[in-house]
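Chemist: One structure, pasted below without further comment.
Protein chains: 2
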Amino acid sequence: MAVTIKDVAARAGVALGTVSRVINGYPDVNPRLREHVEKAIRELNYRPNARAQSFVRDASPIISYILSNRNFFHPIHSRILQGVEEYCEEAGFFVLYTKFQYTAGTEVSELRLPRVLQSHGIADCVILAGTNYENFLDAVEELGVPYVLLANNFVTAGKRDPVDQVRFDELNGAYEATNYLVHLGHERIWYIGDLALPWFRVRCEGYLKAMKEHKLEPLVQTASLSDDPFTNGHDSMEMILESKEPFTAIFAGNDDMAYGAWETLRHHGLDVPHDVSLVGFGGQYRPLKIPQLTTVRVDSEEVGWQLAKMAVQKTKSPRQKLPEVLIPTTLEKHGTCRPLLPKGAEAKLTHLPH
Amino acid sequence: MAVTIKDVAARAGVALGTVSRVINGYPDVNPRLREHVEKAIRELNYRPNARAQSFVRDASPIISYILSNRNFFHPIHSRILQGVEEYCEEAGFFVLYTKFQYTAGTEVSELRLPRVLQSHGIADCVILAGTNYENFLDAVEELGVPYVLLANNFVTAGKRDPVDQVRFDELNGAYEATNYLVHLGHERIWYIGDLALPWFRVRCEGYLKAMKEHKLEPLVQTASLSDDPFTNGHDSMEMILESKEPFTAIFAGNDDMAYGAWETLRHHGLDVPHDVSLVGFGGQYRPLKIPQLTTVRVDSEEVGWQLAKMAVQKTKSPRQKLPEVLIPTTLEKHGTCRPLLPKGAEAKLTHLPH
DNA sequence: GCATTACGATGAACTGTTTCATTGAAGAGA
DNA sequence: TCTCTTCAATGAAACAGTTCATCGTAATGC
Chain U
340 MAVTIKDVAA
350 RAGVALGTVS
360 RVINGYPDVN
370 PRLREHVEKA
380 IRELNYRPNA
390 RAQSFVRDAS
400 PIISYILSNR
410 NFFHPIHSRI
420 LQGVEEYCEE
430 AGFFVLYTKF
440 QYTAGTEVSE
450 LRLPRVLQSH
460 GIADCVILAG
470 TNYENFLDAV
480 EELGVPYVLL
490 ANNFVTAGKR
500 DPVDQVRFDE
510 LNGAYEATNY
520 LVHLGHERIW
530 YIGDLALPWF
540 RVRCEGYLKA
550 MKEHKLEPLV
560 QTASLSDDPF
570 TNGHDSMEMI
580 LESKEPFTAI
590 FAGNDDMAYG
600 AWETLRHHGL
610 DVPHDVSLVG
620 FGGQYRPLKI
630 PQLTTVRVDS
640 EEVGWQLAKM
650 AVQKTKSPRQ
660 KLPEVLIPTT
670 LEKHGTCRPL
680 LPKGAEAKLT
690 HLPH
Chain B
340 MAVTIKDVAA
350 RAGVALGTVS
360 RVINGYPDVN
370 PRLREHVEKA
380 IRELNYRPNA
390 RAQSFVRDAS
400 PIISYILSNR
410 NFFHPIHSRI
420 LQGVEEYCEE
430 AGFFVLYTKF
440 QYTAGTEVSE
450 LRLPRVLQSH
460 GIADCVILAG
470 TNYENFLDAV
480 EELGVPYVLL
490 ANNFVTAGKR
500 DPVDQVRFDE
510 LNGAYEATNY
520 LVHLGHERIW
530 YIGDLALPWF
540 RVRCEGYLKA
550 MKEHKLEPLV
560 QTASLSDDPF
570 TNGHDSMEMI
580 LESKEPFTAI
590 FAGNDDMAYG
600 AWETLRHHGL
610 DVPHDVSLVG
620 FGGQYRPLKI
630 PQLTTVRVDS
640 EEVGWQLAKM
650 AVQKTKSPRQ
660 KLPEVLIPTT
670 LEKHGTCRPL
680 LPKGAEAKLT
690 HLPH
């Protein structure tokens with residue numbers, strides 16, 4: 340049916356090994372013959388059979404991106420996937436996208452692994468993104484499939500060598516965001532975020548570090564009020580207002596929470612940034628409000644790019660352990676923060692619900 | 340290196356053809372022997388070599404999702420991809436994700452096709468999503484690769500048979516949204532959307548149809564003021580306010596534009612829904628404001644699901660033409676619209692900038 | 001003029017699985 | 001007892017490439 344390398348060889352009047360060498364750009368082939376073969380390829384419109392190639396080469400140009408334990412497609416993850424795809428395209432690899440749902444408690448042997456791992460030879464390396472736990476990593480290691488980990492949402496009890504993984508610097512991002520608010524003159528700064536979730540915990544650490552360094556009292560509202568971060572931000576803000584604790588700034592553990600808090604503030608007649616300064620974390624949304632939210636931006640395409648780079652590397656030397664790549668975050672200063680006047684210059688720095 | 344079917348055969352003391360039949364669940368194999376073989380498989384921890392399988396079967400369980408001409412990952416497309424993945428997982432297929440950038444004007448022969456199409460045998464069917472033009476479809480057809488099309492963003496001059504494609508019902512969605520506003524008592528309803536883009540055009544058609552049926556004057560603000568829909572919504576709204584045309588409702592061509600318009604209204608001291616009713620199109624964002632935006636929701640997971648279903652079908656009978664699948668949209672009524680009182684009951688229905 | 005080297009091209013072996021024609025054994029019927 | 005049928009299992013062919021040892025030829029060196 341389809342035209343094979345044999346047909347090309349016959350047409351060009353050479354051995355099929357020669358055609359192979361032409362296709363793969365081997366140097367030791369007579370220029371005249373090479374042209375001959377290339378002509379035959381064009382005439383027959385021959386395209387090598389990828390199945391046969393990857394079979395006989397015992398390698399597939401496929402990297403699998405496994406998104407774990409995420410039901411919806413959070414923009415950060417779609418952007419990471421974008422970055423992965425961009426790098427892979429460049430490097431001549433394909434990206435196989437898979438989701439995988441599991442619980443931390445499941446025994447390694449009980450884990451129903453994604454199909455891409457079940458059979459042998461689909462992908463030569465996998466990227467583990469989303470939220471992951473020890474048991475899955477153990478299972479992948481047992482299979483002997485090379486993998487690369489997005490370390491931010493990896494939840495572990497013990498210690499693991501920081502190898503074969505990419506991480507964006509949440510700790511420092513949160514630290515810098517808090518410092519920024521402090522330098523604007525804020526002292527009563529709340530952190531909101533559900534500390535049951537590891538990423539909110541790390542960001543809180545950054546916040547606490549900055550507050551401690553400036554000898555300011557940490558104000559943390561960590562209630563796990565809702566699975567939905569917008570609602571959680573909304574409700575957290577309500578609780579802060581109810582507590583009647585004076586404050587001038589909010590640092591939200593992610594952008595959705597920031598938007599939720601913002602709506603609550605607005606509802607109570609408080610203006611951002613005039614009455615309250617607000618900083619988020621993520622920076623994945625395109626502008627949706629005016630003023631645009633000041634936030635800690637994660638360069639997720641870069642994260643994906645680095646993950647893919649590492650994965651490609653590992654398809655070539657699967658045993659080699661690659662050092663962790665740490666990707667800095669950047670504080671994007673937009674319109675939701677304002678400097679406070681020096682102490683005493685303004686009568687009322689704090690705000691209570693009316 | 341890896342354990343093959345031969346090793347299993349040797350261990351179980353049978354011919355390798357028998358092992359193959361056990362693996363593939365053929366009926367004509369002695370139960371005792373089958374057990375024997377299965378034991379050997381377990382003991383050796385044998386996993387079939389997917390490369391060899393797809394080679395010899397001359398079929399690969401891979402479907403490629405090609406996202407055309409989209410630089411960023413709009414939530415609607417990530418959700419469609421989710422749907423595709425879900426169906427494929429169920430059906431035993433893998434999803435290969437690729438982006439592809441091209442221009443409508445490029446000659447078919449000049450098109451630098453995505454790698455997944457260049458070699459032969461990676462994927463047995465492709466899903467064409469994103470924004471597509473005739474020339475790419477022609478190229479895919481020339482290659483003889485079965486494909487399935489997301490028809491909404493397909494821009495064509497001529498006519499094509501509505502086969503092998505999935506479409507969500509934008510026209511009716513826009514029509515119903517407009518009707519909803521009319522039934523709430525609104526008469527001065529603006530449509531905003533950049534008519535240079537085909538999807539905004541179709542939605543406008545739905546709007547016009549409803550306005551015409553109710554003998555209402557169509558009010559369309561279609562300036563292509565910015566590539567960014569949020570900004571475009573913002574600017575369109577400014578122009579409407581400047582025009583001093585009285586109005587009571589806005590139907591925005593997509594949610595981003597609705598958010599942009601909303602911010603402008605807020606800036607001018609106009610409340611949604613009290614002063615102006617607002618409807619968007621898309622429904623992909625999780626709540627980001629209070630009240631939540633009333634919008635025409637596209638069930639994008641369902642779109643992906645149907646695309647994948649059709650694609651799987653086509654891997655089995657590539658020649659067969661499958662009828663178009665039309666997916667209804669639903670009007671999600673939230674808090675950004677309010678009924679107008681009967682005529683005359685309220686003094687001031689219209690609003691101008693202060 | 002002969003041996004040596006380098007270069008190009010060849011053809012066979014090999015990859016791991018499926019498939020199918022063939023074989024062998026067992027059972028049934030005459 | 002012999003033939004015919006059925007059921008299971010076998011072993012070899014086929015798939016489309018890559019790779020490598022081998023071989024022929026021509027050029028080079030002495």
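Read top to bottom, the protein sequences are chains U and B.
The working numbering runs 339 ahead of the 1-based position in the first sequence.
The working numbering runs 339 ahead of the 1-based position in the second sequence.
By construction, the Cβ of each residue, glycine as well, lies at the ideal position given by its N, Cα and C atoms.
In this text the structure is predicted, and so the values were computed from the model without any measurement.
Mapping the DSSP letters down to three states, classify U/S403 as helix, strand or coil.
Modeler: Strand, per DSSP.
Chemist: By alpha-carbon positions, which one of B/L355, B/R409, B/L383 and B/S403 ends up nearest to B/I566?
Modeler: Note that residue 566 of chain B corresponds to Asp in the displayed sequence, not to Ile. For B/D566, the nearest C-alpha among the options comes from B/R409.
Chemist: Is the CB-CB distance between B/V622 and B/W601 below 9 Å?
Modeler: According to the sequence displayed, residue 622 of chain B carries Gly and not Val. No. Outside cutoff.
Chemist: Step through the CB atoms of chain U and report whether any lies within less than 9 Å of the CB of B/A348.
Modeler: With 9 Å as the cut-off, B/A348 does not count as an interface residue toward chain U.
Chemist: Would you decide whether U/N369 is buried or exposed? Buried here means 16 or more other CB atoms lie within 10 Å of its CB.
Modeler: Classification of U/N369: exposed, given that the 10 Å Cβ count is below 16.
Chemist: Three-state secondary structure (DSSP) at B/G619?
Modeler: DSSP places B/G619 in strand when its eight states are reduced to three.
Chemist: So which residues of chain U does B/P678 contact, with C-beta pairs closer than 8 Å?
Modeler: Going along chain U, no residue has its Cβ under 8 Å from B/P678, so there is no contact; the nearest lies around 23 Å.
Chemist: I want to see whether chain U comes within less than 9 Å of B/K438, judged by CB atoms only; does it?
Modeler: At least one chain U Cβ lies under 9 Å of B/K438.
Chemist: Compare the Cα-Cα distances from U/T343 to each of U/D595, U/Y385, U/P612 and U/L580 and report the closest residue.
Modeler: If we check each option's Cα against that of U/T343, U/Y385 comes out closest.
Chemist: For U/M649, count neighbouring Cβ atoms within 10 angstroms of its own Cβ and tell me buried if that reaches 16, exposed if not.
Modeler: Buried, because 16 or more other Cβ atoms sit within 10 Å of the Cβ of U/M649.
Chemist: Alpha carbon to alpha carbon, how far is U/W538 from U/S407? Give it in angstroms, no decimals.
Modeler: Going by the C-alpha atoms only, they are around 15 Å apart.
Chemist: Given this structure, state the Cα-to-Cα distance separating U/E377 from U/V361, to the nearest angstrom.
Modeler: When rounded, the distance between both Cα atoms is 8 Å.
Chemist: Going by the beta-carbon positions, is the gap between U/L523 and U/R677 smaller than 9 Å?
Modeler: Contact: yes.
Chemist: Does U/P612 come within less than 9 Å of chain B when only Cβ atoms are used?
Modeler: Answer no: the Cβ-Cβ gap between U/P612 and chain B never drops below 9 Å.
Chemist: Kindly indicate if chain B contains any beta-carbon less than 9 Å away from that of U/A389.
Modeler: Taking Cβ atoms only, chain B reaches closer than 9 Å to U/A389, which makes this a yes.
Chemist: Report the rounded CA-to-CA distance for U/L665 versus U/F586, giving the unit in angstroms.
Modeler: Whole-angstrom Cα-Cα distance: 33 Å.
Chemist: Are U/G422 and U/E577 closer than 9 Å when you measure CB to CB?
Modeler: No, these two residues do not count as a Cβ contact at 9 Å.
Chemist: Nearest CA to the CA of U/V465: which residue from U/R381, U/V347, U/P400 and U/K672?
Modeler: Ranking the options by Cα distance to U/V465, first place goes to U/P400.
Chemist: Hey, how far is the Cα of B/Y441 from the Cα of B/L450?
Modeler: Going by the C-alpha atoms only, they are around 7 Å apart.
Chemist: Taking a cut of 9 Å between CB atoms, which residues from the region 567 to 581 of chain U lie near chain B?
Modeler: The region 567 to 581 of chain U vs chain B, Cβ under 9 Å: D567, P568, F569, T570 and H573.
Chemist: Under 7 Å between beta-carbons, which chain U residues line up against B/K628? List them in chain order, please.
Modeler: Those within 7 Å of B/K628 in chain U are E602.
Chemist: Would you mind sorting B/N492 into buried or exposed? The rule is 16 or more other CB atoms within 10 Å of its CB.
Modeler: So B/N492 counts as buried.
Chemist: Against chain U, with Cβ distances strictly below 9 Å, would B/H673 count as a contact?
Modeler: Chain U, which has no Cβ nearer than 9 Å to the Cβ of B/H673, makes this no.
Chemist: Does B/T495 pass the burial test, meaning 16 or more other C-beta atoms within 10 Å, or should it be called exposed?
Modeler: Looking at its Cβ environment, which holds fewer than 16 other Cβ atoms inside 10 Å, B/T495 is exposed.
Chemist: Using only alpha-carbon positions, find the residue among U/F507, U/G469 and U/L452 that is nearest to U/E480.
Modeler: The shortest C-alpha separation from U/E480 is found at U/L452.
Chemist: Would the region 613 to 621 of chain B count as touching the region 579 to 599 of chain B if we require 3 or more Cβ pairs under 8 Å?
Modeler: Verdict: yes, contact present.
Chemist: Going by the beta-carbon positions, is the gap between B/D463 and B/A398 smaller than 9 Å?
Modeler: Contact: yes.
Chemist: Report, in whole angstroms, the separation of the C-beta atoms of U/H375 and U/A351, which I expect to be a contact under 8 Å.
Modeler: Indeed they touch by this definition, with Cβ atoms about 5 Å apart.
Chemist: Count the other CB atoms, across all protein chains shown, that sit within 10 Å of the CB of U/M340; report buried if there are 16 or more and exposed otherwise.
Modeler: Exposed: under 16 other Cβ atoms inside 10 Å.
Chemist: Within the continuous beta strand (DSSP E) that includes U/C464, where are the two ends?
Modeler: U/C464 -> beta strand (DSSP E) spans C464 to G469.
Chemist: Does the beta carbon of B/H607 sit closer than 9 Å to a beta carbon anywhere in chain U?
Modeler: Answer no: the Cβ-Cβ gap between B/H607 and chain U never drops below 9 Å.
Chemist: Whose C-beta lies closer than 7 Å to the C-beta of U/F432 among residues of the same chain, with five residues either side of it excluded?
Modeler: Taken in chain order, the residues that qualify are P400, I401, I402 and V651.
Chemist: Does the beta-carbon distance from B/K548 to B/T570 come in below 9 Å?
Modeler: Their beta carbons are not under 9 Å apart, which means B/K548 does not touch B/T570 by this criterion.
Chemist: Could you name the residues of chain B that U/Y598 contacts, counting a contact when the two beta carbons are closer than 8 Å?
Modeler: Ordered by position in chain B, the residues that pass the 8 Å Cβ test against U/Y598 are L627 and K628.
Chemist: Do you know how far the Cα of B/F439 is from the Cα of U/D638?
Modeler: Using only the alpha carbons, I get a separation of about 22 Å.
Chemist: Does the Cβ-Cβ distance between B/G487 and B/P662 come in under 9 Å?
Modeler: Here residue 487 of chain B turns out to be Val, not Gly, going by the sequence shown. No.
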